[in-house]
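One structure below.
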Amino acid sequence: MNRPEQKEKRLKIIGFLCNWCSYAGADLAGVSRLQYPAEIRIIRVPCSGRINPLLVLKCFQEGADGVLVSGCHPGDCHYQEGNLYARRRMLLLRSLLGYFGIDERRFHMSWVSASEGRKWAEVVSRLVADVRAADAESRSGQGVSAW
Amino acid sequence: MASAPAMDKPRPDIYTPRPARVEELKAESRDVRTLRLAFEDPREQQGFSFAPGQFVELSVPGEGEATFCLASCPREQGYLECSVKRVGQVTEAIHMLEPGSRVGVRGPYGNSFPVKAMKGRNLWFVAGGIGLAALRSLILEVLGRREEFGALTVLYGARSEADLVYRQDLEDWQGRPGVNVVLTLDPGGEGEGWGGRVGFVPAVLEELAPETRDTTVVTCGPPVMIRYTLAALDRMGFDPQQVITTLEMKMKCGLGLCGRCNVGPLYVCKDGPVFTYAQIKGFVEQIF
Amino acid sequence: MVASGGSPGGRGPGGSPGAGTRAQEALRTSAAGLLAEGKVEAVIGYGLSPAGDVVPRFVRRSQDAAGLLWNDRCTYNLVGYLTDRDLLAGLAGPEGAAGADTAQSPRFAVTVKGCDLKSLVVLLAESQVRREALTVIGLPCGGVVDQEGRLLGKCVACPEEVRNLRTEPGESPANGPPAGEPAAARRLVDLVMGDPVPGDRIAASAPLQAEPFQDVAEIEGMPRAGRRAFWDAHFSRCLRCYACRNVCPLCYCKECVFDQHNPRWVSPAPGIPSNRAFHLIRAYHLAGRCVDCGECERACPVGIPLRLINRKVAQVVKESFGFEAGTSPEARAPIVDFASGDPEEFIE
Amino acid sequence: MKVLTRKALEALLAARVEEWELIAPVEIDGKSYFHALNSGSRLGEVTDASAAPLLTVNPVKEFFFPRRQELYVQGPEGITSLDSEPQRPRLLLFARPCDARGLGVLDRVFLGEVPDASYAARREATTIVGLHCLEPDSRCFCSAVGGGPFGTEGMDMALTPLDESRFAAEALTEKGEALLAALGAAAGKAGGAPGLPDAGEAERRLVESLRAKAEAAVSRDLEIPSPEALAARFESDYWIEASRSCLACGVCSYLCPTCHCFDIVDEGYLRLRCWDTCSADTFTRTAAGENHHKHKHTRYRQRVFHKFGWFKENYGTVSCVGCGRCTRHCPVKIDIAEVVNGVGASHG
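Below, the structure is given as structure tokens:
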């Protein structure tokens, strides 16, 4: 509640990244020495279509401050259409999170290709800023807790 | 009005385990490991004693708690052993432990084998799979006082050679005077070069046709094996009082409270796990 | 008293005493006939308990068909029993069970209201029941009531052609038959009991919602913290008894995610965080499948407004994916499907 | 017997609201629940609840044997116990006779061979003010299992509503006497004479007539089978029939004042104890997949045998207080009294 403002809280943000695009994009960002916040912990998955919404909910239940799902642009899926399934699933999940009063800013989805190192850095920066804002609201008593 | 709650009373925490360290982890078979444990507090270890047949609740922090029979020799004061088959979350976590890892132990719980009543009798230990773990502490106890008992036979079966546990013990026991160890594998499970028998434990037992006179049979194994073993012993004319089994039913609290091991008016964790066939005859359908 | 509404167990399906006698008589006669001729092993319908409650009734002998009941207290959706293999095997007896999953597999009859029919459509679409092993007995309905005699919420907006089984799921009144006449070629309902029932009680009840998802919109109109407080207050009462899951005709998984131990997706211990996850996942797993039969909400002992969650999912499914559950036995659930033009404004 | 005015009761509650933890029935969305009130915000609702004829949805057991009880955290430094005993004296207001008796059943389990310290502390910290039942409903069968609508077992003080503004009050234990004295003092401060007036002849006669009327209203009969009769039906198909419609949810166990089965689970490094139910197939399933209660009829049989046979054998009483909640809230209205009566009745 009205805790004295400590040093900025270290956020726990989980990113589920498709092996074929976003993971390589993040790698490229690293190789290119692009600066982006370090609060994200990456889990490499074979396809965004692999992301069972249960995984996202498990993260929140275990104390994650935010979750990102990132896959290939539509049309670029290594398995043709995995990302299109993911798009539907995550849309519904996001709607329900909001409906239950979870701050939607804590859950992001992005399309990041292997060549989009810069976009990756931007996606993470926006994500972390969003989660930080949601977290600050929550800690000030104005917002809602992550889960 | 209600008296203020007494805050200074010591709370005997019936669900709180005592910390112990893994001393050794030994692979017994492809999915069974034997865990040697000692309490962190040496006084705790000194004070820990158990009788063959009793069990403990083992906790792995962050994973959960599960029930395991004590498989080590009750005469060994310095440690305790449990053999763990990898089947679920807790057992998987146990298999990942390393020497030095911390676990929690509650117990010992339950009753024990009626060793006194076995004195002077011939003993048959009939086990299947990981069920031998529940008989090991008894066998070790009996071997430690060998002269008090008659002839000993260990009939032990598993699905395949890779599923046999305590190979070293079995060899050792076979070498003792007056001990006969018979190994059998389920049909289809025998590989090339298998020197033992082939057949399900109850069938081999009937082939071996133990004398009923002055003999006590102790059995443990998967439910289906126990069920057929009991039926075979019935056919051979064994007195249900002289047939002893230990039940490996789902248990949780170990205290006779949580309800899941309730069979008839009995709670396996508190009134068992060791029962004579005579005690459970009415519930065999329900148990196995 | 619990069974307070007039005659034992309730009033006729039109809401007036006696109006349903003909339908009930027809039901008993048809059921007795099906059983006597050996066309079905059992009829799954409604009956009256000695204490005066309407209960599910499983009739196996034709002489017991006289115990079948049809009135405005017959709220249960009986379709869920069709996926309980243990139960069906028990009803079929030793001979019937032997023939399970063969061409001679046992046949069952089930009584359905127009609303229940939609859940049957989903089970058919998901290959969980075999149409040819089923005799579907339709019951024209004027709305069913809860234990206090109040019309159920789901009945308020029930169209005449649906409750009177003039159309089947997926048909519209436009291409359906004229009022008072049943559909000519029926895919789902084999027999309709009695005549269409007037909807006086429905007409007299609360006015229809101005918009189809007005109830959902009201929750969404709250500030975020208000929504959170609203749901958390409800979830704080949840006992995790799983009545909502077990009563659901579409929750038929052999191994439910909530029963899995490794991994544990949601803690089995009640608590607001675990209960919230439970309710979110329960509703999610019914996305594009839930037909709003309302059984979960009826079964909930602690009054959690579960339909309000299901209807939010239905709204997303309809507005974002253009799909409505229970309208076609050939349809694929929207969550195992996609369209190239699916909305993605939320994706960066 | 004393006469207690609602005003005096309200005055005492208002005065002690910070000092006591109050557990009392409140209304949530049209249903009544026992609820822990830690502030005065809902005090107004409390005394009204005494007028509600029906039982609360939940029994009082959760205040002694919590739905979710956090036991300890297993951290790197070792184990830190979490479950805290009540910090304040607790007043449990308006427990019905069946609820109060239910605690007696739980006592046998949790204060038995292996006493549960936290349960004991909760019991000790709580003064139980019972409320006699004036209008038992058709589900109630307390009289058939050794209780009654005017029973006092398990109460520290018993109240009988005399009219809209007064109760007859009787202290039954030392805790009850202490409370009665406090109420007397409160009555004095509220403007009346200090101390509660003795009940007069008229009040006593009224209580007696209310008692006679209430006892006559509990007409439900239950014939508890002898251990032999029960044992004889252990293998019977009766259990398949009796449990055919059962959904295997946990409503009956979780709302039962005496069901006490539990699970021990981990949420991360937190170990906790939570309610569990023998209706669920997960209850007895081992990690290896073995299950001695695979079928719902053996689980239902377990429930009946445990309550009416084995518990009695072990503890000298049946573990059922006849509150009727299991039937009232069962989604398919399985009637335990009917099932138990059927054990002796129909041999087939």
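Residue numbers (the working numbering), protein chains in the order written: chain Y, 1 to 147; chain W, 1001 to 1288; chain G, 2001 to 2348; chain H, 3001 to 3348.
Here a beta-carbon is modelled for each residue, glycine too, at the ideal position from N, C-alpha and C.
Contacts between Tyr2046 of chain G and chain H, judged by CB atoms closer than 9 Å, are missing: the closest CB pair is about 11 Å apart.
Residues Val69 and Met109 of the same chain have their beta carbon placed closer than 6 Å to that of Met90 of chain Y, with the five preceding and five following residues left out of the count. Taking a Cβ-Cβ threshold of 8 Å, none of the residues of chain G is close to Trp120 of chain Y; the smallest such distance is about 10 Å. C-alpha of Cys3259 of chain H to C-alpha of Gly3344 of chain H: approximately 23 Å in a straight line. Fully contained in the stretch 3018 to 3076 of chain H are the following alpha helix (DSSP H) runs of length 4 or more, in chain order: 3043 to 3048.
Non-local C-beta neighbours of Leu2139 of chain G in its own chain, meaning closer than 6 Å and more than five positions away in sequence, comprise Trp2070, Thr2111, Lys2113 and Met2193, ordered along the chain. Chain Y has a Cβ within less than 9 Å of the Cβ of Lys2312 of chain G.
A straight line joining the alpha-carbon of Arg3328 of chain H with that of Gly3322 of chain H spans about 11 Å. Less than 9 Å separates the beta-carbon of Val2216 of chain G from that of Lys2312 of chain G.
CA-CA distance, Gly3154 of chain H to Gly1104 of chain W, rounds to 38 Å. At a C-beta separation below 8 Å, Trp3310 of chain H has these neighbours in chain W: Asn1262, Gly1264 and Pro1265. The DSSP-derived three-state label of Asp1163 of chain W is helix. Listed in chain order, the positions of the stretch 3075 to 3095 of chain H with a beta carbon within less than 9 Å of a beta carbon of chain W are Gly3075, Pro3076, Gly3078, Ile3079, Ser3081, Asp3083, Glu3085, Pro3086, Gln3087, Arg3088, Pro3089, Arg3090 and Leu3091. Spatial neighbours of Ala3011 of chain H in its own chain (CB-CB distance under 8 Å, excluding positions within 5 residues in sequence) are listed in chain order as Ala3186, Ala3187, Lys3189 and Ala3190. When C-alpha distances from Asp3276 of chain H are compared across H:Val3060, H:Thr3005, H:Phe3065 and H:Leu3004, the shortest belongs to H:Phe3065. Fewer than three pairs of CB atoms, one per stretch, sit closer than 8 Å, so the stretch 2288 to 2297 of chain G makes no contact with the stretch 3236 to 3244 of chain H.
Flagged as an interface residue toward chain H: Cys1253 of chain W, by a C-beta distance shorter than 9 Å.
Apart from sequence neighbours up to five positions away, the residues of its chain that approach Ala2283 of chain G with a beta-carbon distance below 6 Å are Ile2309, Asn2310 and Val2313, ordered along the chain. Burial of Gln1242 of chain W is indicated by the presence of at least 16 other C-beta atoms within 10 angstroms of its C-beta. For Thr1219 of chain W, the number of other beta carbons within 10 angstroms of its own is at least 16, and it is reported as buried.
Think of a sphere of 7 Å around the beta carbon of Leu2035 of chain G: no beta carbon from chain H falls inside it, the nearest being about 17 Å out. It is roughly 15 Å from the alpha-carbon of Arg1235 of chain W to the alpha-carbon of Thr1216 of chain W.
Contact annotation: the stretch 1044 to 1057 of chain W does not touch the stretch 3290 to 3298 of chain H, with fewer than three C-beta pairs closer than 8 Å. Closest in alpha carbon position to Trp3239 of chain H, among H:Gln3302, H:Phe3141 and H:Gly3250, is H:Gln3302. In the assembly as shown, Ala1278 of chain W is an exposed residue. Its beta-carbon has fewer than 16 other beta-carbons within 10 Å.
Between Pro1202 of chain W and chain H, the shortest Cβ-Cβ separation is not below 9 Å. Under the three-state reduction of DSSP, Asn2164 of chain G is assigned to coil, being neither helix nor strand. Per DSSP, Lys119 of chain Y lies in no beta strand (DSSP E); the unbroken alpha helix (DSSP H) holding it starts and ends at Gly117 to Ser140. Counting only unbroken stretches of 4 or more residues, the alpha helix (DSSP H) elements lying wholly within the stretch 40 to 116 of chain Y are 53 to 61 and 82 to 99, in sequence order. Among the residues facing chain G, Glu1092 of chain W is included, as its CB has a counterpart in that chain under 9 Å away.
Spanning the alpha carbons of Ala2277 of chain G and Glu39 of chain Y requires a straight line of approximately 24 Å. When secondary structure is reduced to three states using DSSP, Asn3291 of chain H falls in the strand class.
No Cβ-Cβ contact shorter than 9 Å links Glu3290 of chain H with Pro1202 of chain W.
The C-alpha of Gln2260 of chain G is placed about 40 Å away from the C-alpha of Leu3093 of chain H. As for any beta strand (DSSP E) of minimum length 3 sitting wholly inside the stretch 3148 to 3194 of chain H, the runs are 3157 to 3161 and 3166 to 3171, ordered along the chain. Chain-order list of chain G residues neighbouring Ser3245 of chain H: Val2055 and Pro2056, by C-beta distance under 7 Å.
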